[in-house]
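As given, the protein sequences belong to chains A and B, one line each in that order.
Start counting the first sequence at 14; every next residue gets the next number (the working numbering).
Start counting the second sequence at 10; every next residue gets the next number (the working numbering).
The beta-carbon is built from N, C-alpha and C at its ideal position, and this holds for glycine as well.
Fair warning: this is a prediction, and the values are worked out from it, not measured in the lab.
Reviewing the structure listed below.
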Amino acid sequence: MTTYDKRSSWQLQLLLLPCLLLIGALVIYPALYSVYLSLTNASLVGVAATHPRFVGPGNYLRLFGDGGFWHSLVVTLWFVLGSAVIGQFLLGLGSALLLRRPLRFKNLINSIILLPNAVPEVVAGYIWISMLAGGEQSTLNRLLGLLGIPSVQWLERFPLVMIIVANTWRGIASAMILMMAGLSAVPPEICEAARIDGASPRQIFRFITLPLIMPTIFLYMLVSTVTTISIFGFIYALTRGGPGNATEIIGIYIYNQSFTAFQLGYGSAVAVVTLVISIAIGLFYVRALKVQV
Amino acid sequence: MFRKTVLLGISVASVLAMGSAQAKTIRIAEHRPARIDALKKVVPEIEKKYNVQIEVIEYPAPEKDYLTKLLTELGAGNAPDIFTAPHGSDVADMVAAGYLAPITKELKAWDGYSQLFDVGKVMATSQDGQIYVLPAMLNVQQLYYRRDILEKAGISTEQPRTWAELLDRAKEIKAKTGAYGLLFPAGVTWGDGAFVEGFRLLLVGTSTPQIVTENGKLNLTGQGIKDVFGFYADLINNDLMPIQPLLEPEPWVAPKYEMFPAGKLVVTTGGSWGYIYDWGAQSKNPIPNVTQVVGTWEVPGKTEGQYVLVDLESPWAVNAKSPDVALAKKVMLELGSVNADVAYAQNLGNIPGRVDAAADPDFQKLTELVPILTALKNGTGTHLNTAEGFSAVAEGVARGTEALLRKQTDAAGAQKILVDYVKEVLGGDAVK
Chain A
14 MTTYDKRSSW QLQLLLLPCL LLIGALVIYP ALYSVYLSLT NASLVGVAAT HPRFVGPGNY
74 LRLFGDGGFW HSLVVTLWFV LGSAVIGQFL LGLGSALLLR RPLRFKNLIN SIILLPNAVP
134 EVVAGYIWIS MLAGGEQSTL NRLLGLLGIP SVQWLERFPL VMIIVANTWR GIASAMILMM
194 AGLSAVPPEI CEAARIDGAS PRQIFRFITL PLIMPTIFLY MLVSTVTTIS IFGFIYALTR
254 GGPGNATEII GIYIYNQSFT AFQLGYGSAV AVVTLVISIA IGLFYVRALK VQV
Chain B
10 MFRKTVLLGI SVASVLAMGS AQAKTIRIAE HRPARIDALK KVVPEIEKKY NVQIEVIEYP
70 APEKDYLTKL LTELGAGNAP DIFTAPHGSD VADMVAAGYL APITKELKAW DGYSQLFDVG
130 KVMATSQDGQ IYVLPAMLNV QQLYYRRDIL EKAGISTEQP RTWAELLDRA KEIKAKTGAY
190 GLLFPAGVTW GDGAFVEGFR LLLVGTSTPQ IVTENGKLNL TGQGIKDVFG FYADLINNDL
250 MPIQPLLEPE PWVAPKYEMF PAGKLVVTTG GSWGYIYDWG AQSKNPIPNV TQVVGTWEVP
310 GKTEGQYVLV DLESPWAVNA KSPDVALAKK VMLELGSVNA DVAYAQNLGN IPGRVDAAAD
370 PDFQKLTELV PILTALKNGT GTHLNTAEGF SAVAEGVARG TEALLRKQTD AAGAQKILVD
430 YVKEVLGGDA VK
């Protein structure tokens, strides 16, 4: 290595240092501190608030026998599957394909799809409360009332479905942007050649476009799955995990354990397990599907 | 050179002198606009008296969120100097955590101490004999009913004497008016309210009215708790209480602010604040002639007795880690002055914690509250003893009543939910 190369290498490392410090302070340290907390009975109230006791794997052992934890994992699974993997992906891909075509009001449609991303999550939660609230005054029930359909207690009767619908609405734009980026990377001459060879639009999509955007799809799946697992504010504003614990996704479960029951130690244990699950899912996407990310 | 050095020295000395002459800052946490407005009425006077700058920090409004933020900051060591505990039942947990500075000596030396209601002093005294909170305001809870609707329907407005009579009255209301006959707050989204505005009002009238044992443990397996859950179950299973609104994100809004003013709910638990904050002329949901139209009943015991529940209303406390605990204590005691009490009473409808507030001309104008304070002076009111772990009890009650609301369990099942939850949070040792 020449002196110039060595100097360049040092300069590069120096330039990376602020990022590493920030990641260390804001990501690595809190994660490690969570692991430490998860091994204690730390609390926000009572004696354990000032004198937390080391309990070893006690919180983890308790967690595996905690029906509430397993319930929230199942709710989270359906939520991620329904909203991120199916809802947002299909609608995002559909929107991206639609907006590639010459359309009237293309910009308007684009804006409508992007709008949910511009709304803060808590505001979006309250918008959906107004939409889905029980009684005749909610937006959806008023619309259905015009068709003579009686009012439905949407958040009471179909809570999980409703949060899946709401989160799908909120995430279409992100999916669409990624899919548009993927679609724009598909060389048009390949599609053109296939068309000349007599391939139908469906065949072109099935055998050319889809395989070529597969890395983008997996990248989207990776990002959306992990971010959807960690959703909190939107659903908390909308249902607070209720009714009962019907929409208590894992983020809300962690919050409830840490800040409603004030058990920081136990809440941290759940958070650590969730982190491990997220890492496992990430590895599944990156390695098992052999996608270069 | 010498001249420059002298000038520099003078400049530094001037800056230091200015700094030391500047008033110290005391930060006070407060939440909800009505409370903040009341606090701001008395802040200038306190600032002047102690040459202190007071910074009022606005916290989230729902009490559950307020408490969470406050406890998080207390745990982190960066909470304001002065704050309130939302309810008396929250104090023991905060004391055990070491968050609150003891004020026993200062409070007893304070000229307002002799004016404090005895019940306030008792409730403010912790199990270790120390006082950590200023019982500046009291909340007085009982049943509120729509007198106009009962009279119009030919239903008795006499005080019900037992739970059975109360249930019969609720059934009669439902049968004759179609309106819901009775509301006791319940469910998880109401937060502490399920316990402090509902459950405990019934508990004090049972065969096991107190749940704190002599050694500070919680006795949650008593018959009284099961009976209270049973009363809730009767209300819910007979469709006497609105259920759907209690399962929604802001469960208090529909029943207290819409249904009761509209006459679709006829009897509800409530506090003295109902006449001012909930349904008063200046409120968002006024009931015309509220004091004539809305009457009060004491909460009947299961088989005998009538109860008006008294609790500390958002008692003030000093952060044990305040940079200037002594000054914070002085400022806090000013928040227990007659002026401060009356300002809060005007805005919120709670009862001043001191007897001499009754003579204040501004308080005399609050004709809705004067009789309640007089009744307190005459000894009306009972209270629930508290201990460490009451936060968990409140959440456990919320979960138990939620299961009843959703008709997933019966009284025994709800009690089991409560016991299991509290044991899970506090450990088996904390529960008898």
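Burial check for A/H64: the Cβ neighbour count within 10 Å stays below 16, so the residue is exposed. Taking 8 Å as the upper bound for CB-CB distance, B/I234 and B/L212 are in contact here, some 7 Å apart. Rounded to the nearest whole angstrom, the CA to CA distance from B/W119 to B/E72 is 29 Å. For A/W141, the enclosing alpha helix (DSSP H) has its first and last residue at E134 to L145. Rounded to the nearest angstrom, the Cβ distance from A/L127 to A/A186 is 5 Å, consistent with a contact under 8 Å.
Here DSSP, grouped into helix, strand and coil, assigns B/D120 to coil. Distance check between B/A179 and each of B/D243, B/Q136 and B/P218 places B/D243 closest, using alpha-carbon atoms only. Here the region 235 to 249 of chain A lies against the region 265 to 279 of chain A, with 3 or more beta-carbon pairs under 8 Å apart. A/R183 is outside the set of residues whose beta carbon lies under 8 Å from a beta carbon in chain B. Taking C-beta atoms under 8 Å as the contact rule, B/R155 and B/L393 fail to qualify, at a distance of about 28 Å. Within the region 82 to 130 of chain B, the complete alpha helix (DSSP H) segments of 4 residues or longer fall at 100 to 105 and 113 to 118, listed in chain order. Using a C-beta cut-off of 8 Å, the region 349 to 366 of chain B makes contact with the region 138 to 146 of chain B, since at least three inter-stretch Cβ pairs fall below that distance. Along the region 272 to 295 of chain A, going in chain order, the ones with a CB nearer than 7 Å to a CB of chain B are F272, T273, A274, F275 and Q276.
The beta-bridge partner set that DSSP reports for B/I63 consists of B/I35. Per DSSP, B/A326 is one residue of the beta strand (DSSP E) stretching across W325 to V327. Rounded to the nearest whole angstrom, the C-alpha separation of B/S165 and B/R41 is 37 Å. Between the region 164 to 171 of chain A and the region 144 to 155 of chain A, the count of C-beta pairs closer than 8 Å reaches three or more; the two stretches touch. In the three-state reduction of the DSSP assignment, B/E54 falls in the helix class, which pools H, G and I. Interface flag for A/P31 against chain B is unset, since no Cβ pair is found closer than 8 Å. Residues of the same chain with a CB within less than 6 Å of the CB of B/V434, apart from the 5 flanking positions on each side, are A401 in chain order. Selection B/G187, B/L274, B/V131 and B/T278 evaluated against B/F193 yields B/T278 as nearest (Cα-Cα). Taking the CA atoms as reference points, A/I244 sits about 10 Å from A/N180. B/Y153: member of the beta strand (DSSP E) spanning M146 to R155, first to last residue.
Nearest to B/D365 by alpha-carbon distance, out of B/Y68, B/L125, B/T215 and B/V51, is B/L125. Straight-line measurement puts the Cα of B/T93 at about 6 Å from the Cα of B/A326. A Cβ-Cβ separation of about 18 Å leaves B/I37 out of contact with B/D74 under the 8 Å criterion. Within chain B, no residue has its beta carbon less than 9 Å from that of A/Q150; the closest one is some 10 Å off. Straight across, the Cα-Cα distance linking B/G107 with B/A329 is about 7 Å. Per DSSP, reduced to three states, the secondary structure at B/R178 is helical.
Put simply, the CB of B/M268 is far from chain A, with every gap to its CB atoms at 8 Å or more. Following the DSSP letters along the chain, one finds B/W288 in no alpha helix (DSSP H), marked with neither H nor E. Shown here, B/E404 sits in a helix according to DSSP, grouped into three states. Residue contact with chain B for A/I209: absent (no Cβ-Cβ distance below 8 Å to any residue of chain B).
Your pair B/G358 and B/Y284 checks out as a contact, with CB atoms roughly 6 Å apart and the cut at 8 Å.
B/G97 and B/I182 have their alpha carbons spaced roughly 34 Å apart. Taking 8 Å as the threshold, the shortest C-beta distance from A/E134 to chain B does not fall below it.
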